[in-house]
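**Q**
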Amino acid sequence: MGLRNSLDRLRAGDDTSRMFGEPVHQPDGTTLVPVARVRVGVRISATPVGMFVVRDGHAEWVPAVDHTRIALFGELIGLVAATLASLAVLHRPPWPDLSRRPRSR
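Going by this note's numbering, the sequence shown opens with residue 31, and the numbers climb by one from there.
1. Per the contact definition of three or more C-beta pairs closer than 8 Å, is the segment 80 to 90 in contact with the segment 45 to 64?
2. Tell me, please, which residues DSSP counts as bridged to residue 74.
3. In the DSSP assignment, find the unbroken alpha helix (DSSP H) run with residue 52 in it and report its ends.
4. In three-state terms, what does DSSP make of residue 128?
5. Assuming residue 156 contacts residue 80 (C-beta within less than 8 Å), just tell me the rounded distance between them.
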């Protein structure tokens with residue numbers, strides 16, 4: 031199977047093996063099924079989303095937490111707060127005006 035054929039199948043949305051990985055069987059009888067989000071654009075990228083844990087006939091979803099996205103969101107909030115505080119200080123400084131102005135006679 032060539033790269034062009036794989037890309038065409040991925041764009042058509044019928045390649046489900048790209049989204050769900052091969053099941054991994056653990057010695058205790060638990061089966062893990064990894065799940066990834068596949069994006070096709072200029073390049074192909076796969077981002078882990080989570081995994082299904084199948085134990086005793088019951089399936090449980092365990093999400094994969096993206097700590098990078100959470101940290102970037104926190105930095106964005108800090109940047110917006112710093113920008114708004116700077117604009118407020120530039121508009122009206124919190125300190126008194128101590129400049130000497132010449133008296134008009």
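Using N, Cα and C, we set each Cβ at its ideal position, and we do this for glycine too.
**A** Working from what's here:
1. yes
2. 70
3. Careful: residue 52 lies outside any alpha helix (DSSP H) and carries neither H nor E.
4. coil
5. This structure cannot settle anything about residue 156, because the visible part of the chain is limited to 31 through 135.
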